[in-house]
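For reference, the structure discussed in these notes is given below.
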Amino acid sequence: MNSASIGFGPGQPSRTSIVVAALRAFGAREPDPAVRNPDTLAERLISPAELQLITEHPIAQALHDDYQKARRKREVAGMSNLLLIRTRFIDEHMQRAVADGAAQVVILGAGFDTRAYRFADLLRNKKVFEVDYRSTQEVKKRRLADASIHTPAHVHFAEIDFKKDVLREVLGNAGYQPADKTFFIWEGVSMYLTEDAVRETLRTISRYSAPGSSLVMDFAGRAMIELLQNFPELSQHNYTTHWGEPWIFGLPDTREREFFRECGLELREILTFFGREAANRYLTRSDGTKLGGVRGGPPPRRQLSTTVRVIWTFLTRRSKWYALAKLDVPAS
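The working numbering puts the first residue of the sequence shown at 21, with every later residue one more than the last.
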């Protein structure tokens, strides 16, 4: 997926990477620390130029509005909650992996990820590899400099096109050591790739990393992809498709463990974004109430039919829909 083929112009970052950073920045404004997004650096990496690229997305306006007012919008509140769950889940697993001896952290599709800088002390003696498209990395480097955020010497940027480049070669050229225990982050990428590309990436991780290495990734279920295709009026489909970055791949529903095992990885945990466990862990306010979606009246008449059909689809399909997975590289 080079910049031309996926819809962002020369020198421009992926629009979806901007949306993710913007949602983290918005969530970091939450006054309650129990449900605040921990990414306090994200907002410093987003300039007006980046927000202009996503002007049609409601998060762009939300960053200009009062926080509580902006959270009254269903889409802003819902997506902000998803990013809170995703960010904290991955942060926690990275901290555990480093405590358990991981010597390297590889961030695949790093976008505007700030973990190398937010956790600078934790990762001081670790190698960190940020892997992404050249255009996105060039903008990120400029924004880091603009924000006076120091890039430590142990942070390495590696350019990749996930559709055509060989991950093993990209990592090797950047100084990655396959004999060292490694923690991989693959966030917000797999749903944009073909099944072959996803399988190849997972197999590379399983074959080209030390036993005891681990991976955290998010993934869509096949039912989610079908839902977006069957209801093109859904906002998620509209934004990503218009930007040339549609969701096209979902794991086979109810066969997630088998899929990962075929790629050489052992599934240790799945956390569904829409489940009770995720809400209990990450959406519980200091007073014990839940940071839920926005309640209100019925949707407009023109949206009512779609809403009913979408709800029916959710209720009748066995799927994880959208979830996080923690995977391990087994001993040989």
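Just so it is clear, CB atoms sit at the ideal spot from N, CA and C, and this is done for glycine as well. From a predicted model like this one, the values you see are computed outputs, not experimental measurements.
Beta-carbon separation (whole angstroms), residue i vs residue j, contact threshold 8 Å
i, j, result
"S229", "V96", "37 Å between Cβ atoms; not a contact."
"R108", "P51", "Actually they do not touch by this definition, with Cβ atoms about 17 Å apart."
"R188", "D273", "At roughly 30 Å, the Cβ-Cβ gap does not stay under 8 Å, so R188 and D273 are not in contact."
"F203", "A117", "4 Å"
Cβ-based neighbour list, residue i, same chain, cut-off 8 Å, excluding 5 preceding and 5 following
i, result
"V218", "S210 and F269"
"L285", "L222, I225, S226, L235, L347, D348, V349 and P350"
"R277", "L287"
"Q32", "S23, L73, S155 and V159"
"L142", "Q115 and V118"
Through-space distance from residue j to residue i, alpha-carbon basis
i, j, result
"K160", "L65", "7 Å"
"L164", "H170", "7 Å"
"Y153", "D181", "6 Å"
"Q72", "E297", "36 Å"
"V148", "L128", "11 Å"
"E76", "Y342", "24 Å"
"P68", "R275", "43 Å"
"E78", "S352", "The residue you asked about is not Glu; residue 78 is Pro in the sequence shown. Spanning the two alpha carbons is a distance of roughly 48 Å."
"F239", "A119", "26 Å"
"S34", "Q197", "28 Å"
"P252", "I245", "11 Å"
"E63", "Q88", "17 Å"
"D85", "A45", "13 Å"
"A167", "A130", "18 Å"
"Q157", "Y137", "15 Å"
"L247", "R301", "27 Å"
"V40", "R56", "15 Å"
"E282", "Q249", "27 Å"
"V186", "T309", "47 Å"
"E220", "R162", "31 Å"
"G295", "H262", "29 Å"
"K183", "L303", "35 Å"
"P319", "K146", "Bear in mind that a pLDDT of 46 at P319, under 50, signals an unreliable position, so the number given afterwards is only what the model happens to contain. Going by the C-alpha atoms only, they are around 50 Å apart."
"E112", "D307", "22 Å"
"N2", "A299", "Because the chain in this structure spans residues 21 to 352, residue 2 falls outside the shown range and cannot be described."
Beta-carbon proximity of residue i to residue j, cut-off 9 Å
i, j, result
"R305", "A54", "yes"
"V151", "A194", "yes"
"L287", "A345", "yes"
"R135", "M114", "yes"
"E70", "A42", "yes"
"L271", "R242", "yes"
"F132", "I38", "yes"
"L191", "V126", "yes"
"L104", "L311", "yes"
"R92", "S100", "no"
"R106", "F293", "yes"
Close-in-space but distant-in-sequence residues of the same chain around residue i (CB under 7 Å, 5 per side omitted)
i, result
"K201", "G121, A122, A123, A230, G232 and S233"
"I110", "I205, E207 and V236"
"A140", "P172"
"F279", "L271 and P272"
6 Å Cβ shell around residue i - same chain, five flanking residues per side excluded
i, result
"P266", "T260"
"E179", "R154"
"E215", "F269"
"I290", "A343 and A345"
"K340", "G241 and T292"
"V175", "A136 and V148"
"T36", "E265"
Legend entry - Every unbroken beta strand (DSSP E) inside the segment 229–273 [3 residues or more]: 234–240
Inset, instruction - Would you list, in sequence order, the uninterrupted beta strand (DSSP E) runs of no fewer than 3 residues that lie entirely inside the segment 143–185? - result: 147–152 and 175–179
Inset, instruction - Pick out the complete alpha helix (DSSP H) segments inside the segment 39–116, 4 residues or longer, and give them in chain order. - result: Those alpha helix (DSSP H) runs which fall completely within the segment 39–116 and span 4+ residues are 68–73, 78–82 and 87–90.
Inset, instruction - Identify every run of the beta strand (DSSP E) within the segment 184–224, keeping only runs that are complete inside it and at least 3 residues long; order them along the chain. - result: Listed in chain order, the complete beta strand (DSSP E) runs (minimum 3 residues) inside the segment 184–224 are 202–206.
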